[in-house]
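As they're listed, the protein sequences go chains P and Z.
FYI, the numbering for the first sequence is 3 to 111, going by our numbering.
FYI, the numbering for the second sequence is 11 to 126, going by our numbering.
Backbone N, C-alpha and C fix where the C-beta goes; we use that ideal spot for every residue, glycine too.
These notes are about the structure you will find just below.
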Amino acid sequence: GENVEQHPSTLSVQEGDSAVIKCTYSDSASNYFPWYKQELGKRPQLIIDIRSNVGEKKDQRIAVTLNKTAKHFSLHITETQPEDSAVYFCAASQNQFYFGTGTSLTVIP
Amino acid sequence: EADIYQTPRYLVIGTGKKITLECSQTMGHDKMYWYQQDPGMELHLIHYSYGVNSTEKGDLSSESTVSRIRTEHFPLTLESARPSHTSQYLCASSDNLLAGGYNEQFFGPGTRLTVL
């Protein structure tokens, strides 16, 4: 089956700096890669996703890149703000969803 | 508004009790999922379903069962609750990629279960 690894597990950045979270996957059949943001006590929310026929996607301050050959994808957050503080999960999917173990991001004002 | 609903939102129950966690979605999705998650930690897949009368086991399926009699409804039953079941349970749904859907998965608000 699929195996998704996510790094780092915790990340602290100064407000205004960039944050990068990286994930790798093992199954080349996976073709959909979403990223979720989960604030304390709330449900995971889809923030951006990318499909295997695209190498990069951007939505305002967040972007995702995908390298199918190397089987890794990354989340980039620029100009971080305190409200970006949350746990972020990556996932890889063809039918089922396989999640990474999460990254706790803290943005220091 | 299309959404995923879970009841109860909070439940405190004694060891050995049988409980059913309810999940309903008005997203029009075929696929539904149950995950177990300790706060801020990894999501563990318990069960999933591709559609009516379809149920599959995930990584943590032991000691629980699900049913899918209606497209919009996917209840999870713990036959005999134990303290180790104390956790948050998240229901999710997604479209059917093979039927032309986008496969985006959305989560319900969760049920926080405490077993004493």
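Whole angstroms are fine: how far does the CA of residue j sit from the CA of residue i?
i, j, result
"residue 8 of chain P", "residue 102 of chain P", "5 Å"
"residue 13 of chain P", "residue 80 of chain Z", "42 Å"
"residue 19 of chain Z", "residue 25 of chain Z", "19 Å"
"residue 63 of chain P", "residue 77 of chain P", "11 Å"
"residue 90 of chain P", "residue 44 of chain P", "12 Å"
"residue 69 of chain Z", "residue 111 of chain P", "39 Å"
Given a cut-off of 9 Å, decide if residue j and residue i are closer than it, judged by their beta-carbon atoms.
i, j, result
"residue 107 of chain P", "residue 6 of chain P", "no"
"residue 47 of chain Z", "residue 101 of chain Z", "no"
"residue 114 of chain Z", "residue 36 of chain P", "yes"
"residue 126 of chain Z", "residue 28 of chain Z", "no"
"residue 104 of chain Z", "residue 86 of chain Z", "no"
Contact check, residue i vs residue j under 8 Å by CB: the rounded distance?
i, j, result
"residue 42 of chain Z", "residue 84 of chain Z", "4 Å"
"residue 54 of chain Z", "residue 65 of chain Z", "Not confirmed; about 17 Å, so no contact."
"residue 118 of chain Z", "residue 33 of chain Z", "6 Å"
"residue 57 of chain P", "residue 50 of chain Z", "So it is not a contact: roughly 31 Å between Cβ atoms."
"residue 61 of chain P", "residue 50 of chain P", "5 Å"
"residue 39 of chain P", "residue 94 of chain P", "About 17 Å separates the two Cβ atoms, so there is no contact after all."
With H, G and I counted as helix, E and B as strand and the rest as coil, what does DSSP make of residue i?
i, result
"residue 97 of chain Z", "strand"
"residue 85 of chain P", "helix"
"residue 39 of chain Z", "coil"
"residue 66 of chain Z", "strand"
Assess, as a yes-or-no matter, whether the region 16-29 of chain P is touched by the region 80-87 of chain P under the definition of 3 or more beta carbon pairs within less than 8 Å.
-> yes
Taking contact to mean at least 3 C-beta pairs separated by less than 8 Å, is the region 59-79 of chain P in contact with the region 31-51 of chain P?
-> yes
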